[in-house]
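Quick notes on the structure that follows.
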Amino acid sequence: MTTVKVQASRKPMDFAVVRQPIWCPGCGDYGILEALRRALAEVGAKNEEVVIVSGIGCSSQLPHFMKTYGVHGIHGRVLPVATGIKVSNPKLTVIGVGGDGDGYGIGLNHLIHAARRNVGVVYIVSNNQVYGLTTGQMSPTTLKGVKTKTTPYGSIDSPVNPLALALSAGATFVARGFSGDVAHLAQIIAEALRHRGFALVDVLSPCVTFNRVNTYDWFRARVYKLESVGHDPTDFEQAYKRALEWPTLDPYGKIPIGLFYKREDLPAYEEEVAGLLGGRSPIEAPLELSEELVEELLARFA
Amino acid sequence: MEVTIRISGAQGEGVESAGRLTAQALAKLGYHVFAFRQYASIIKGNPTMFYQIRASTTKIYSHGRWSSFDVLVALNKNALVAYEGGAKYLIYDSADRSTPQRRGEVPIPLADYALKAGNKIMRNTVAVGALMGLLGIDISVLADLLKREFGEKGEKIAEQNIQAAQMGFDHAVKAVGSALGFGKVGEPKLLMSGAEALAVGSILAGMRFYAAYPMTPASPIMHFLAEVGPKFGVAVLQAEDEIAAMNMVIGASFAGVRAATGTSGGGFDLMHEAFGLAGMIEAPAVVFLSQRGGPSTGLPTETEQADLLMALSPSHGEYPHAVIAPYTIEDGLYAVAKAFNLAEKYQIPVIVATDLYFNESLTTVDDIDWKRFKIERGELVTSPVVWDEYKRYKLTETGVSPRAIPGILGGMHVATSDEHDERGDVITDRHLPEIRKAMHDKRMRKLAKVVEEMEGPAVFGSGEIALVTWGSTAMPLLDLASLERDVEVIAFRDIYPLNKEAALRALDGAKALIDVELNYEGQLALYLKRELGVELKMKILKWWGEPFSLDELSELV
């Protein structure tokens, strides 16, 4: 992982608000909140230029605990809203936040399309392998065999592998963090914020109330850092193999965390759009047309 | 002076371009033109699709008659047999019928001439050339259009087409002379489709973001914007589905850009949840709801007006929105300008409801009123605010609150789909009925302000019989009112929220009210009964995919 320069001018608390999170004590989302604040401070973000878009679920409450702009939208539609914002005004730092149900269930479609478009959004998924806010149903990342309210005899569905999926879809930044290691997660998010194009940050984020299987201890016993095994994040094939390790090949085996894959040489979607618009973004385009432009527009119908 | 021409053939045989060229030629000569296309959901086939082009020296708003017309151009035998009974003059391929059976028949070796000019595919061009000859239109008018049309494909193709047209032209002139005498009557007029009017209106109204998923008959809006928009600063995104499209629009709007999407009924079904989100977070948004025959996939290439009740109340819960249904294609330009202003001034989603007949028909437009494109942004915050004091959803008398967009110092807030307080903070982790009451009321009372901007129905003519309608069905009715005495047309355009006083004023004067709509239930009548207590007992309704035509209306009325 590359080292990042700390800008003394911004502190994590600059992004905090008085209102305290309403998550259950011990929830993994606290780790994500803290890591995000640190990362934003680290990259020197300005409060008024950050927009955090969320969906529905416990983790989607996050924008309310940040002193930034936010859209707390509807279930599963984080990425379309974020895409609309980023394309309209590429100067903004646009961050998507939501849970595994939001992003890998009802909204999975949009993950693939945001990835292939390479839109400049950092998408942080709080992956707790259960539906928390609706009190404990199976989620798309629930491991096969796990009992939940809707799978009382054990889940018969195989889990989604979001990292392999994102890599297949053409994502140019794919990483996984762990809420139990905030410093490491903050580094990943900071690097994602500096990335050109779409970044998926999947976060292992234990639900202490409804998921009694995938606990902090469960993860601590399994996670290992990619940087500690000499993983090369510019190597797509290596990244894909690492992504398949968990949960696809061995759902109860070791879990790699860190940066799986990154490439910076592809243009971001908002750059492509601005290219079509003559080097400006929609927010920069004047609302009113000059007389010459009106004439040009109408000349098409003559 | 007036002419109605029907060009018919199989889909893929060139009816489309023949129709458009004919309409363009007549517009160039200064005629008022209206052109309507009847087709099916198939790329190649359907032997009797047609393009009906009507031109007149007086203003017209519809394709005119359905069962009779002046000229039939039949590109195949099926088309000839299907429609010859309605036509005075027939242009057809002599391969389909070698000897004329009555006066006015102009058999032409379309395929032979096309082959001689270089390619059999140009049969349609030969036929249009012959049509020009019959109409008495100088062949140079068509030649210019062909140069423009095929210029991109290379000079040779343009030249071949001109040659093909010339052969058809000469043949027709020799056979019947320039029988109809359509010379130049004025300055060239602009010719645009309804979809193009919506797109142009949007660009003029300052829309700089359009996201949509392809769906007939809304797609032509996106086609035009994708091609022309970038030059004017419009980003056009093809979304992965309508859900994404509507949410993208909300994102763009939140960022401060005027944004819209377009779809038909089925796509709008998918947008409902996000449409309600726009209402809840008070994000301006415009949706072009281009109706076609429903339910489900229904009649994908045929027109209908059966989504009015849906447009009045899409999505769950209560929230303010507006519905405008332009009643002529020209009015589409202004309706769009109004929609964007209403959306932004009142921070609401607005539906511009049209249909296939509106979107896909071509018409001449003249005398555009530029004053109607004034951009009004309402309570948009453009300078820094004090964060501790700023309330995005401040309770105000009008219900409209100051809207800060990202980038504005101090304006940070969360736009929340959950019920929220004045600062946008979610309140649903507690039971706070007082805040809910206040915020819901704040949003809903915006309607009282919106309604002040809603105009009453447009009234045309006067008489014993008043035909009450909405949207594009006004187009054939306006033509009817100019033909028949004693017929009044009351066309609802600013539909929701309804300006009740103006509506009652318009309806009160008339003796006999007849509801005319393209749906089964009489949805406008149901709405007016609910809102005004006025019952339209007589109804003329149609739900089988055809617009109303002058001949059937005359008979029914």
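First to last, the sequence lines map onto chains D and S. Just so it is clear: in the first sequence, position 184 is 184 by the working numbering, and no numbers are missing. Just so it is clear: in the second sequence, position 85 is 85 by the working numbering, and no numbers are missing. C-beta: ideal position from N, C-alpha, C; glycine also. All values derive from a computational prediction rather than experimental measurement.
Considering only their Cβ atoms, is the gap separating residue j from residue i smaller than 8 Å?
i	j	result
E360 (chain S)	G194 (chain S)	yes
R197 (chain S)	E16 (chain S)	The sequence given here places Ala at residue 197 (chain S); Arg does not occur at that position. Not in contact: A197 (chain S) and E16 (chain S) (Cβ atoms no closer than 8 Å).
F268 (chain S)	T354 (chain S)	no
V516 (chain S)	L467 (chain S)	yes
F358 (chain S)	S472 (chain S)	yes
A158 (chain S)	G151 (chain S)	yes
E488 (chain S)	S554 (chain S)	no
G276 (chain S)	P320 (chain S)	no
A82 (chain S)	T48 (chain S)	yes
D479 (chain S)	Y61 (chain S)	yes
G251 (chain S)	I221 (chain S)	no
Along chain D, in chain order, which residues have C-beta atoms closer than 8 Å to that of residue i?
i	result
S315 (chain S)	The premise fails here: S315 (chain S) is roughly 10 Å from chain D at the closest Cβ pair, so nothing lies under 8 Å.
I351 (chain S)	The contacting residues do not exist; I351 (chain S) stays about 19 Å from chain D at best.
I53 (chain S)	Ordered by position in chain D, no residue passes the 8 Å Cβ test against I53 (chain S), which lies about 16 Å from the chain.
V249 (chain S)	G84
M192 (chain S)	F301
Whose C-beta lies closer than 6 Å to the C-beta of residue i among residues of the same chain, with five residues either side of it excluded?
i	result
E626 (chain S)	Residue 626 (chain S) lies beyond the stretch modelled for chain S, which goes from 1 to 557, so this question has no answer here.
A235 (chain S)	F209
L200 (chain D)	Y123, A166, A171, V174
T363 (chain S)	F34, I329
V94 (chain D)	V51, A82, I85, K86, V121
E292 (chain D)	none
For residue i, go through chain D and note every residue whose CB falls closer than 7 Å to its CB, in chain order.
i	result
T416 (chain S)	H72
A208 (chain S)	Strictly speaking, residue 208 (chain S) in this sequence is Arg, with Ala absent from that position. Simply P282, A285.
L342 (chain S)	Simply none; closest approach about 16 Å.
E240 (chain S)	N109, H110, H113
L277 (chain S)	G73, I74
So is residue i buried or exposed if we call it buried at 16+ other beta carbons inside 10 Å?
i	result
K11 (chain D)	exposed
K44 (chain S)	exposed
V6 (chain D)	Bear in mind that the predicted position of V6 (chain D) carries a pLDDT of just 49, short of 50, making it unreliable; the figure below should be weighed with that in mind. Label assigned to V6 (chain D): exposed.
L72 (chain S)	buried
M1 (chain S)	exposed
Q101 (chain S)	exposed
T68 (chain D)	buried
P295 (chain S)	exposed
F65 (chain D)	buried
Q523 (chain S)	buried
H72 (chain D)	buried
S41 (chain S)	exposed
W544 (chain S)	exposed
E376 (chain S)	exposed
K28 (chain S)	buried
I540 (chain S)	buried
K156 (chain S)	exposed
Y89 (chain S)	buried
Could you work out which residues of chain S lie near residue i, taking near to mean beta carbons separated by less than 7 Å?
i	result
I22 (chain D)	D429
R77 (chain D)	I243, N247, A274
Closer than 9 Å by beta-carbon distance: list the chain D residues that pair up with residue i, in chain order.
i	result
V228 (chain S)	L297, R300
H413 (chain S)	Y69, G70
P284 (chain S)	Within 9 Å Cβ-Cβ: nothing; P284 (chain S) doesn't reach chain D, min ~13 Å.
N359 (chain S)	Ordered by position in chain D, no residue passes the 9 Å Cβ test against N359 (chain S), which lies about 16 Å from the chain.
Between which residues of its own chain and residue i is the CB-CB distance below 7 Å, once the five residues before and five after are set aside?
i	result
D551 (chain S)	R65, W66, S67, S68
G323 (chain S)	At residue 323 (chain S) the sequence reads Val, which differs from the Gly that was named. Taken in chain order, the residues that qualify are A311, L312, I351, A353, I495, Y496.
A130 (chain S)	I91, V106, I108, G168, F169, H171, A172
L110 (chain S)	D93, R123, V126, A127
So, at 8 Å on beta carbons, what are the nonlocal neighbours of residue i in its own chain, with the 5 sequence-adjacent residues on each side left out?
i	result
L111 (chain D)	L79, G103, Y104, Y123, P162, L165, A166, A169, L200
M1 (chain D)	Bear in mind that a pLDDT of 48 at M1 (chain D), under 50, signals an unreliable position, so the number given afterwards is only what the model happens to contain. Closer than 8 Å at the Cβ level, and outside the excluded window around M1 (chain D), lie Q187, I188, E191, E227, G258, L259.
I156 (chain D)	K144
I427 (chain S)	D418, E419, H420, D421, I435, R436
Which bits of chain S does residue i rub up against, with CB to CB less than 8 Å?
i	result
I188 (chain D)	Here the premise fails: no neighbours, minimum Cβ distance about 24 Å.
Could you name the residues of chain S that residue i contacts, counting a contact when the two beta carbons are closer than 9 Å?
i	result
N118 (chain D)	Here the premise fails: no neighbours, minimum Cβ distance about 14 Å.
Do we get a CB-CB distance below 8 Å when we pair residue i with the residues of chain C?
i	result
S88 (chain D)	Annotation note: the requested chain C is absent from the structure, which comprises protein chains D and S.
What do you reckon, is the C-beta of residue i under 7 Å from a heavy atom of the ligand MG?
i	result
G279 (chain S)	The model on display carries no ligand, and the ligand MG is accordingly not part of it.
What ranges does the alpha helix (DSSP H) occupy inside the region 442 to 487 of chain S, keeping only unbroken runs of at least 4 residues that lie completely in it? 446 to 452, 474 to 483
Fully enclosed by the region 123 to 200 of chain S, which beta strand (DSSP E) runs are 3 residues long or longer? 190 to 193
What are the uninterrupted segments assigned as alpha helix (DSSP H) that are 4 or more residues long and contained completely in the region 283 to 332 of chain S, given in chain order? 308 to 312
Which runs of the beta strand (DSSP E) spanning at least 3 residues fall entirely within the region 14 to 67 of chain S, listed in chain order? 32 to 38, 45 to 56
Can you list, in chain order, the stretches of the alpha helix (DSSP H) that have 4 or more residues and sit fully within the region 23 to 87 of chain D? 29 to 42
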